[in-house]
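For reference, the structure is listed below as structure tokens.
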Amino acid sequence: MSKPRISYVPLEDMDERMQAEMARSAREGTPRPETNAVRAHVPAAFWAFAEPWEKMFRNGVCDHSIKELCRVYISRTVTCEFCGNQRSVKGSSEGLVEGQYDDLLNFEASDRFDDRQKAALAYAQAIAWNEADRDGLWDRLHAHFSEDELVEFGCVIALTFGQQSWIRLLDVDHHQYLAGTSASMAPGFENADALADSKAKPDYWAAGAPH
Amino acid sequence: MPRISYVPMDDMDDEMRAEMERSAREGTPRPESSAVRAHAPEVFKSFTAYWDATFRQGELDHAIKELARMYITRTTNCQFCGNQRSSTAGLPEYEVDELLNFEKSENYDDRQKAALAYAQAIAWNEQDLDGLWSRMHAHFTERELVELGCFVALTFGQQSWIRLLGIGHQEYAVAGIDSATGIAPGAAR
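These protein sequence lines map, in sequence, to chains H and Z.
Per this note's numbering: the first sequence = residues 1131 to 1341.
Per this note's numbering: the second sequence = residues -19 to 169.
Structure follows, in structure tokens:
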């Protein structure tokens, strides 16, 4: 089992409110407990992530499934294994299906996404990698989304892009903290043994990532 | 013209107007990016709280966080953010090349270079994770590494979005406050 590059804060060192959020993470996932247990070194940073994530990602004006799709696109494009091996249960209940994720990096050519989903993914791609054709990008975005939605889910993408870019350096992994639940784990990653088997496969999506 | 419109002050609540006035008076951030975030009040307020907790407040010295913020402006090419300076950080003016080639520069001490290497790794990833983390733990506590990491993550994500918005300084007037506070030398009107 790998060790995190910044230690996990023990549950008994957290206050009751933080412990409740940790229990929610273990029960419901996205995020699973390990990243929260690192952020817990700085309670202000812990809540500065947890609160907007609850308001903007799990709730908010824009439908959750479009934000979840963009979250997993960011996982694939920055190669954040910890985040890319999680799935929002709410996103699945809103119609996202597993096969879509393998097409994320080639979303424009895929027939698994509708025009609105492709516009959202183009927004995520532009945030991650910039975009020279600004007129084309914004014409497309305003055709599918209100300004309220563009702000909310632009900031969700920005938040998860920054966090995932940091988390990929931490060497955190699932089933290391408050282990014993499989909430929001991707298929094939439900427990430590299954996770190890899936990561050892030659076609694992993040094969070759630095550790 | 901004690609997402500015929300008028009249359409904001008291808490948001107070933050807009603070932005106009003190900068980082200046008012324009906040006036776009104001379309989604929860986003506006969440960003303000997160920014205040990890950038202006916190355990780690503010100047090292401002240095990391400046590196991110250069590497993402976010002009709106790159033309701002924290008025309380007390840093000198750095050439663009100095920030992007910090390892070879004589302008930074070892601790500053370690912070810049952390920002660079967050932005562009790092193959030598053992080397990176040995260096980080030699200069910073775990609490400082969480605070700095979460701050860089926040500004990296926000700047990557803001560069797409086409916003510029002194485009949004906050009534009664005529200030260029926080705008970089030579970038004010």
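Beta carbons: idealized from backbone N, C-alpha and C, even for Gly.
Note that the coordinates shown come from a computational prediction; the quantities given were computed from them, not determined experimentally.
Check: Run through chain H and tell me which residues come within less than 7 Å of residue 122 of chain Z, C-beta to C-beta.; Outcome: 1136, 1137, 1171
Check: Identify the continuous alpha helix (DSSP H) that holds residue 1333 of chain H and give its terminal residues.; Outcome: Neither: residue 1333 of chain H is in no alpha helix (DSSP H) and is coded neither H nor E.
Check: Does any CB atom of chain Z fall closer than 7 Å to the CB of residue 1174 of chain H?; Outcome: yes
Check: Can you round the beta-carbon distance between residue 128 of chain Z and residue 95 of chain Z to whole angstroms, since I take them to be within the 8 Å contact cut?; Outcome: 6 Å
Check: If contact is defined by three or more beta carbon pairs under 8 Å, each pair taking one atom from either stretch, is the region 1261 to 1268 of chain H in contact with the region 1168 to 1180 of chain H?; Outcome: no
Check: If you drop the 5 nearest sequence neighbours on each side, which residues of the same chain put their C-beta closer than 6 Å to that of residue 1138 of chain H?; Outcome: 1167, 1307
Check: Mark residue -2 of chain Z as exposed unless 16 or more other C-beta atoms lie within 10 angstroms of its C-beta, in which case mark it buried.; Outcome: exposed
Check: What would DSSP say about residue -11 of chain Z, mapped onto helix, strand or coil?; Outcome: helix
Check: Ordered along the chain, which non-local residues of its own chain (more than five positions away) have a Cβ less than 7 Å from that of residue 1318 of chain H?; Outcome: 1324, 1328
Check: Quick one: using the 10 Å Cβ neighbour count with 16 as the cut-off for buried, is residue 1303 of chain H buried or exposed?; Outcome: buried
Check: Using a beta-carbon distance cut-off of less than 8 Å, what residues from the region 135 to 148 of chain Z approach chain H?; Outcome: 135, 136, 137, 138, 140, 141, 143, 144, 146
Check: Starting from residue 1259 of chain H, trace the alpha helix (DSSP H) in both directions and tell me its first and last residue.; Outcome: 1245 to 1259
Check: Among H:1132, H:1274, H:1293, whose alpha-carbon lies nearest the alpha-carbon of residue 1160 of chain H?; Outcome: H:1293
Check: Counting only beta-carbon atoms, is residue 1248 of chain H nearer than 7 Å to chain Z?; Outcome: no
Check: Does residue 11 of chain Z pass the burial test, meaning 16 or more other C-beta atoms within 10 Å, or should it be called exposed?; Outcome: buried
Check: Touching or not, the region 50 to 68 of chain Z and the region 136 to 152 of chain Z, by the rule of three or more beta carbon pairs under 8 Å?; Outcome: yes
Check: Exposed or buried, which one is residue 1215 of chain H when buried takes at least 16 other CB atoms within 10 Å?; Outcome: buried
Check: Hey, would you say residue 1322 of chain H sits closer than 7 Å to residue 1157 of chain H, going by beta carbons?; Outcome: no
Check: With residue 47 of chain Z and residue 92 of chain Z assumed to form a contact (beta carbons below 8 Å), what rounded beta-carbon distance in angstroms separates them?; Outcome: 6 Å
Check: What does residue 1275 of chain H touch in chain Z if you count any residue whose Cβ is under 7 Å from its own?; Outcome: In chain order: nothing, as chain Z lies at least about 10 Å away.
Check: Within 7 Å (strictly less), CB to CB, does residue 30 of chain Z reach chain H?; Outcome: yes
Check: Are residue 1226 of chain H and residue 1195 of chain H closer than 7 Å when you measure CB to CB?; Outcome: yes
Check: Between residue 1242 of chain H and residue 113 of chain Z, what straight-line distance do the alpha-carbon atoms span, to the nearest angstrom?; Outcome: 40 Å
Check: In the DSSP output, what is residue 64 of chain Z paired with across the bridge?; Outcome: Z:163
Check: From residue 1173 of chain H to residue 1186 of chain H, what does the alpha carbon distance come to, in whole angstroms?; Outcome: 20 Å
Check: Cα-Cα, which of H:1337, H:1311, H:1332, H:1316 is closest to residue 1153 of chain H?; Outcome: H:1311
Check: Would you kindly report the start and end of the unbroken alpha helix (DSSP H) that includes residue 1285 of chain H?; Outcome: 1277 to 1297
Check: Tell me whether the region 13 to 33 of chain Z and the region 160 to 167 of chain Z touch, counting them as touching only if at least three CB pairs, one residue from each stretch, are closer than 8 Å.; Outcome: no
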